[in-house]
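2 protein chains.
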Amino acid sequence: MTGQLPTTRRPTRQRTAIAEALSHSPEFRSAQEIHARLAEGGAGVGLATVYRNLQAMAADGEVDVIRTEDGEAVYRACATEDHHHHVVCRGCGLAVEVTGDSVERWAEAVAAEHGFVQVRHTVEVEGLCGDCARRR
Amino acid sequence: MTGQLPTTRRPTRQRTAIAEALSHSPEFRSAQEIHARLAEGGAGVGLATVYRNLQAMAADGEVDVIRTEDGEAVYRACATEDHHHHVVCRGCGLAVEVTGDSVERWAEAVAAEHGFVQVRHTVEVEGLCGDCARRR
DNA sequence: ACAGTAATGAGAACCGTTGTCAAATTCATG
DNA sequence: CATGAATTTGACAACGGTTCTCATTACTGT
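Chain order of the listed sequences is A and B. The first sequence finishes on residue 1091 if you use our numbering, and the numbering steps up by one all the way, no holes. The second sequence finishes on residue 1091 if you use our numbering, and the numbering steps up by one all the way, no holes.
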């Protein structure tokens, strides 16, 4: 069920710069942050271009996207190419990648049980990370 | 006893209407949807008021908030009693309630594994129900 | 009833994101 | 290398959800 679509992407200076910038940061970055970083780095890239490419990369599974608490989309180079989820701290925003075969199976099974096909699922786990919990 | 923070909330027609509308829907609703529903229901409530109250309710833990894939905030009355999830058909909207102890345990375990506490989770499973699948 | 204070509503302001479209870049060919 | 077709880019406008502003209205305790 892996689906590398026939993606026809042309390698451009901008696209490379964006991927590069992203790969150098272990943290999640917003499109605006990347745009700013590229701007001050001399190699300016249009804001719209940054958005477009990040979206495309996310669609291709090259990067992870999550929404911050205030709805901003933030991206990060994928640590694993596989399908996975995140556990997000509602205190500091720390996000940890986790995989969970059991959830995948459960989702698939419970959907099939009711005759559903082409199943997709969204799982969000949030809590307080150790540091934030201690800090309260 | 833990408690009701000294929240000085005044009971108003608007606030009640919002809570009411929310409690009648098992699904997550956006502020705009609630605003629209109240509007056509005769008892109009200002959009800003809907936003303010939903935020307040969320802050007080009366309702759950999650962000849709496109960044919109959606709210749902807290199901303190029967915690369950839904499998929603993206064709016709059919929603089936399902429970899943395995998911609950997985979420708890995976969070604890990374030192997270006060864990909450949201799980949404979507696909095409049998009818819709056949119809394509 | 009355004053004090929280809540409301209409609309403007915000801000992240997406759309527009002409100009620039890339690729495949001749 | 020249050329043309198809992508991609970028500046800026437009969008949409959310928040802010502030005058007006509705509760509350006395």
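Even glycine gets a Cβ: it sits at the ideal position worked out from N, Cα and C.
Beta-bridge partners assigned by DSSP to residue 1083/B: 1072/A. The Cβ-Cβ distance between residue 1053/B and residue 1000/A does not fall below 9 angstroms.
Here the alpha carbons of residue 996/A and residue 1002/B stand approximately 42 angstroms from one another. With fewer than 16 other beta carbons inside 10 angstroms of its own, residue 1039/B counts as exposed. Within the DSSP secondary-structure output, residue 1021/A pairs in a beta bridge with 1029/A. In the DSSP assignment, residue 1040/A falls outside any alpha helix (DSSP H) and within the unbroken beta strand (DSSP E) covering 1040–1044. Here the C-alpha atom of residue 1026/B lies approximately 11 angstroms from the C-alpha atom of residue 1020/A. Proximity of residue 1002/A to chain B, defined by a Cβ-Cβ separation below 9 angstroms, is not satisfied.
The secondary-structure analysis by DSSP pairs residue 1057/A with nothing; it has no beta-bridge partner. Leaving aside the five residues that flank residue 1081/B on each side, the residues in its chain whose CB is nearer than 8 angstroms to its CB run, in chain order, 1042, 1043, 1044 and 1045. Shown in chain order are the members of the segment 1072–1087 of chain B whose Cβ falls below 7 angstroms from a Cβ of chain A: 1072, 1073, 1074, 1075, 1076, 1077, 1078, 1079, 1080, 1081, 1082, 1083, 1084 and 1085.
Between the segment 1055–1065 of chain B and the segment 1057–1071 of chain A there are three or more C-beta pairs closer than 8 angstroms, enough to call the two in contact. For residue 982/A, there is no enclosing alpha helix (DSSP H), as DSSP gives it neither H nor E.
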